[in-house]
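Residue numbers (this note's numbering): 1 to 442.
For each residue, glycine too, the CB sits at the ideal point set by N, CA and C.
Since the structure is predicted, the reported quantities are computational estimates derived from the model, not experimental observations.
Right, here's the structure in full:
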């Protein structure tokens, strides 16, 4: 391995999907898996490139144990010796099975390494499994990365943060330990020809992208760093998201996957809508994708200068929420890239959404608020059983995730969850931020 390379190791107990994850990363970056001379046959090495930097990924899958108690002391020593040469470690966990004793053993070992560790929960390919994410925080992670290696979901956030960690230096802090240094990432997504590149050019103040009236001019995601009020931001302009039936070229298919990856990499996503057309089913689907990924959402109505004057912003905003009801918590901003109006408002709103997305509520004020929610609307009996919710805590931010402990968590109906979400918004805001509510047994 040359000095330019950076070694990243994948560690985890057997059958958590290390090989699938390894192949996904290598294939994700179109790298060639290679055999490295001098290494044991049970370690799988592959090289890949991100933004001009070379990395070497190693799957430590061969260090598995047939013993019933997970990893023996000897095997754990072997893994620890192998990981000492790594610049970063990916600790892969199984989202289906939850936290197992062997996971706790590995977590204790990794804490002694004093190296950046990325806690990655695999097999998170459904919304219900995302609710099970909370229990993995017991392993000591500040940040959890839910992914599905089999389907390629969630890989963008992880790879982007690994690269960012490498660029900031190989310190002893684990990822998520230096929140003040986080660079806010903002994406522009939407159907083709909605003016994304023109908006980006207005924001950047330069012609960094090819702008034309032909949909699909921007083939790949283009990142640009900007400074706004002393804060560093990364602006991601993406190719348009087409309906599957309209993808006729492989390059267009790549653009769609690139747009999805841009959503995964972003903190706040601007859904760009053509004001003359208005939001439709496809915008609703894109909004759902953004929300499901736990990203901040801002709806930008571009080409506002083309709308008839009698159509006020208030009426248009109501129409947006009517057509995309699941995004009614997102702010709506009006702009015209051609005239340069409303441009400053986009970044201002993005920063405001990011603040809401990363908000943490203290345990005392949170439980006081929930006590008021319960008093206003008691859950009472469900299927003949008295359901009680005892207390709540915020497990994480970005997106805000709240864990509620109940005697019958499975009996809490969806409409009551929605009531609690709406009440949280009334009390604390969370403008543009998806809210996760997880119910656990007590």
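Three or more Cβ pairs drawn from the stretch 292–308 and the stretch 338–356 lie within less than 8 Å of each other, which places the two stretches in contact.
Per DSSP, residue 311 is not a residue of any beta strand (DSSP E), being assigned neither H nor E. With distances taken between CA atoms, residue 155 lies nearest to 266 out of 101, 83, 266 and 364.
When the Cα atoms are used, residue 435 and residue 85 turn out to be separated by approximately 39 Å. Collapsing the DSSP output to three states places residue 356 in a helix.
Residue pairing from DSSP places residue 270 in a beta bridge opposite 188 and 298.
Assignment of beta-bridge partners to residue 94 by DSSP yields 122. In the pairwise beta carbon analysis, the stretch 310–324 is classified as not touching the stretch 195–204: fewer than three pairs are separated by under 8 Å. Distance between residue 26 and residue 363, taken at the CA atoms: about 42 Å. The beta strand (DSSP E) runs lying completely inside the stretch 336–407 and spanning 3 residues or more are 389–396 and 401–406, given in chain order. Contact between the stretch 424–434 and the stretch 391–407 is present: 3 or more CB-CB pairs across the two stretches fall below 8 Å. Shown here, residue 334 sits in a strand according to DSSP, grouped into three states. Residue 336 is classed as buried because its beta carbon has at least 16 other beta carbons within 10 Å across all chains shown. Beyond the five residues adjoining it in sequence on each side, residue 424 comes within less than 7 Å, by CB distance, of 430 and 435 in the same chain, given in chain order.
Residue 235 has its alpha-carbon roughly 14 Å from the corresponding atom of residue 349.
Judged by pairs of C-beta atoms under 8 Å, the stretch 324–333 does not touch the stretch 184–191, as fewer than three such pairs exist. According to the DSSP assignment, residue 416 belongs to the alpha helix (DSSP H) that extends over 414–428.
For residue 101, the enclosing alpha helix (DSSP H) begins and ends at 101–111.
Considering only 54, 17, 13 and 23, the residue with the shortest C-alpha distance to residue 7 is 54. Per the DSSP secondary-structure output, residue 183 pairs with nothing in a beta bridge. Considering only 56, 47 and 92, the residue with the shortest C-alpha distance to residue 16 is 92. A straight line joining the alpha-carbon of residue 123 with that of residue 355 spans about 30 Å. When DSSP reads this structure, residue 226 sits in a beta bridge with 233. The three-state secondary structure of residue 325, taken from DSSP, is helix.
Take residue 137, set aside five residues on each side of it, and the residues of its chain with a beta-carbon closer than 8 Å to its own are 144, 395 and 396, in chain order. Taking the CA atoms as reference points, residue 347 sits about 20 Å from residue 191.
The C-beta of residue 328 has fewer than 16 other C-beta atoms within 10 Å across all chains shown, which makes the residue exposed. Between residue 189 and residue 262, the gap from beta carbon to beta carbon is short of 9 Å.
Within the same chain, 118, 120, 145 and 147 come within 7 Å of residue 158 by CB-CB distance, once the 5 residues on both sides are set aside. About 6 Å separates the beta carbons of residue 408 and residue 385, which is inside the 8 Å limit, making them a contact pair. Bridge pairing for residue 148: 153 [DSSP]. The DSSP-derived three-state label of residue 16 is coil. By the neighbour-count definition (other C-beta atoms within 10 Å, threshold 16), residue 195 is a buried residue.
Judged by DSSP in its simplified three-state form, residue 115 adopts coil rather than helix or strand.
Here residue 26 carries a helix assignment [DSSP, helix/strand/coil].
DSSP places residue 202 inside the alpha helix (DSSP H), whose first and last residues are 196–204.
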